[in-house]
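*Asks:* First residue of the sequence shown: 1, per UniProt numbering; consecutive thereafter. Provided herewith is a single structure, encoded as structure tokens, for subsequent inquiry.
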Amino acid sequence: MILSTLAAAGGHIRFDQLGLDPVALDLGFFTLKWYSLAYLAGILVGWWYLLKLLAQPGAPMARRHADDMVFYATLGIILGGRIGYVLFYGEDMWSDPWRILRLWDGGMSFHGGVVGTSIGILLMARKHKLNWLRIHDYVACCAPFGLFFGRLANFVNGELWGKATDVPWGIVFPNTVAGGLDPARHPSQLYEAGLEGILLGALLWFLFWRTNARYQPGKLVGWFLLGYGLSRFFVEFFREADEQLMEFARQTGLHMGQWLTLPMIAGGIYLIVTANRRRQRIEPIAGSESVA
């Protein structure tokens with residue numbers, strides 16, 4: 001099957017022969033897309049993992065707080081992600097404001113989602129008088145799940161493909177060149193799934209379970225920001241810039257996604273370097289064990 005696909009594509013895989021469909025379920029009156037399922041899976045698996053983390057000594061909040069936080073974080077992801085996309089990538093939407101509300105029409109910014117989630121966590125922490133930075137640390141460990149599923153959904157949708165390439169694993173995505181022959185392209189969605197999802201998730205897993213990083217407020221979220229920022233900055237060299245931002249990329253030398261990661265990288269380095277001075281005796285919200 002794979003060999004015949006490669007032969008038909010002249011040595012490269014053709015996306016339209018992979019049998020992928022953006023729609024996971026179509027009942028006629030109801031359509032469910034893989035992209036929506038990716039968001040749902042990221043939130044549910046992240047929630048499950050968060051509860052595992054909170055069961056360890058020194059947790060910054062109890063189960064009841066986690067349930068509340070999922071609502072705030074989900075709202076932050078959706079609103080922040082959409083607003084961020086409109087501000088940084090979707091200038092044409094201002095001419096038709098109704099498109100901004102059509103979330104099913106695509107267009108979400110991860111950077112905007114990070115800001116929205118952070119605001120949601122801050123509001124929840126203030127409401128319950130909790131340490132917002134330590135909560136960020138725990139949430140950061142769960143974020144790679146959503147990133148992994150989201151990038152896989154991007155691939156299934158055949159969107160956000162990479163630059164033209166001759167590498168053996170290049171994929172010929174349809175309709176990437178108006179009126180021309182589609183070249184093989186880097187599957188940059190899969191690069192991001194591997195780096196932002198699997199590799200970053202493994203790093204945060206090691207730091208949480210094998211080191212004392214969770215007792216240094218800001219260290220885990222700092223590694224998340226740095227890891228994501230470097231991964232995204234690197235992959236953008238293989239990713240095609242958004243059509244409406246091609247000229248911006250040519251003028252500045254970097255993609256919009258790369259410029260937006262620079263503050264994340266700087267902030268991540270700062271949080272990591274200064275984390276040890278914020279270390280304190282941790283009195284857990286649930287249980288009686290203290291952690292020095």
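Heads up, the beta-carbon is just placed ideally off N, CA and C, and yes, glycines get one too.
From the DSSP output, read off the bridge partner residues of R14.
*Replies:* As a first step, residue 14 must be located in the sequence shown, where it is residue number 14. For R14, which the question treats as bridged, DSSP gives the partners V172.
*Asks:* Spatial neighbours of I265 within its chain, please: CB distance less than 8 Å, with the 5 preceding and 5 following residues excluded, ordered by chain position.
*Replies:* Here residue 265 is taken as the residue at index 265 of the sequence shown, counted from 1. Cβ within range, chain order: L225, L226, G229, L230, F233.
*Asks:* Please name the residue in M69, D242, N212 whose C-alpha comes closest to that of R278.
*Replies:* Position 278 of the sequence shown holds residue 278. It is N212 whose Cα lies nearest to the Cα of R278.
*Asks:* Distance check for H255 and Q244, CA to CA, integer angstroms please.
*Replies:* Within the sequence shown, the letter at position 244 stands for residue 244. Within the sequence shown, the letter at position 255 stands for residue 255. So the two alpha carbons sit approximately 11 Å from each other.
*Asks:* Quick check: the stretch 159 to 174 against the stretch 121 to 131, are there 3 or more CB pairs under 8 Å?
*Replies:* With the cut-off at 8 Å, the stretch 159 to 174 and the stretch 121 to 131 do not touch.
*Asks:* Relative to the C-alpha of E240, which candidate in H186, G112, W47 has its C-alpha closest?
*Replies:* On the sequence shown, residue 240 is found 240 positions in, with the first residue counted as 1. Ranking H186, G112, W47 by Cα distance to E240 puts H186 first.
*Asks:* Smallest Cα separation from D167: which of R210, V273, F238?
*Replies:* As a working mapping, residue 167 is identified with position 167 in the sequence shown. The question names Asp, yet the displayed sequence has Val at residue 167. It is F238.
*Asks:* Going by beta carbon distance, what residues of the same chain come within less than 7 Å of P60, once the five residues before and after it are set aside?
*Replies:* Here residue 60 refers to the residue found at position 60 when the sequence shown is read from its first residue. Closer than 7 Å at the Cβ level, and outside the excluded window around P60, lie L130, N131, R134, I135, Y138, I285.
*Asks:* Among G76, F110, G222, F206, which has the Cα closest to the Cα of R151?
*Replies:* The residue given as residue 151 occupies position 151 in the sequence shown. The candidate whose alpha carbon is nearest that of R151 is F110.
*Asks:* Under three-state DSSP, which class holds S4?
*Replies:* In the sequence shown, counting from the first residue as 1, residue 4 sits at position 4. Low confidence applies here, because S4 scores a pLDDT of 41, under 50, leaving its location unreliable and the question unanswered by this model.
*Asks:* In this structure, does DSSP put V273 in helix, strand or coil?
*Replies:* Position 273 of the sequence shown, counted from the start, is the residue given in the question as residue 273. Here V273 sits in helix by DSSP.
*Asks:* Start and end of the beta strand (DSSP E) containing V23?
*Replies:* Position 23 of the sequence shown holds residue 23. Note, V23: beta strand (DSSP E), 23 to 26.
*Asks:* Assign K163 to one of three DSSP states: helix, strand, or coil.
*Replies:* Residue 163 sits at position 163 when you count from the first residue of the sequence shown. Looking at K163 - three-state DSSP - the assignment turns out to be coil, as it is neither helix nor strand.
*Asks:* Find the nearest neighbour of F206 within the set I78, C141, T31, judged by alpha-carbon distance.
*Replies:* For this step, residue 206 is matched to residue 206 along the sequence shown. With distances taken between Cα atoms, F206 lies closest to C141.
*Asks:* Could you check whether A275 and G218 sit closer than 7 Å to each other, using their CB atoms as the reference points?
*Replies:* Translated into positions along the sequence shown, residue 218 becomes position 218. Translated into positions along the sequence shown, residue 275 becomes position 275. Yes, the Cβ-Cβ distance between G218 and A275 is below 7 Å.
*Asks:* DSSP state of L123, grouped into three classes?
*Replies:* Along the sequence shown, one-based indexing puts residue 123 at 123. Three-state result, L123: helix.
*Asks:* CB G81 to CB G112, shorter than 7 Å?
*Replies:* The residue given as residue 81 occupies position 81 in the sequence shown. The residue given as residue 112 occupies position 112 in the sequence shown. Contact: yes.
*Asks:* With DSSP as the reference, label A62 as helix, strand or coil.
*Replies:* The count along the sequence shown starts at 1 and reaches residue 62 at position 62. Note: A62 maps to coil in three-state DSSP.
*Asks:* Relative to the alpha-carbon of M69, which residue among R14, D242, S118 has its alpha-carbon at the smallest distance?
*Replies:* Within the sequence shown, the letter at position 69 stands for residue 69. Ranking the options by Cα distance to M69, first place goes to S118.
*Asks:* Out of N175, G201, L195, point me to the one whose CA is closest to F15's CA.
*Replies:* Here residue 15 refers to the residue found at position 15 of the sequence shown. Among N175, G201, L195, the Cα nearest to that of F15 is on N175.
*Asks:* So, helix, strand or coil for A241, using DSSP?
*Replies:* Reading the sequence shown from its first residue, position 241 is the one you call residue 241. It is coil, neither helix nor strand.
*Asks:* Rounding to the nearest angstrom, what Cα-Cα distance links L40 and W47 in this structure?
*Replies:* Residue numbering aside, residue 40 sits at position 40 when the sequence shown is read from its first letter. Residue numbering aside, residue 47 sits at position 47 when the sequence shown is read from its first letter. Cα to Cα, the separation comes out at about 11 Å.
*Asks:* Does the separation of the CB atoms of A153 and Y35 fall below 7 Å?
*Replies:* Sequence index remark: in the sequence shown, residue 153 carries index 153 (1-based). Sequence index remark: in the sequence shown, residue 35 carries index 35 (1-based). Yes, they are a contact pair.
*Asks:* Assign F30 to buried or exposed, taking buried as 16 or more other Cβ atoms, counted over all protein chains shown, within 10 Å of its Cβ.
*Replies:* Translated into positions along the sequence shown, residue 30 becomes position 30. Label assigned to F30: exposed.
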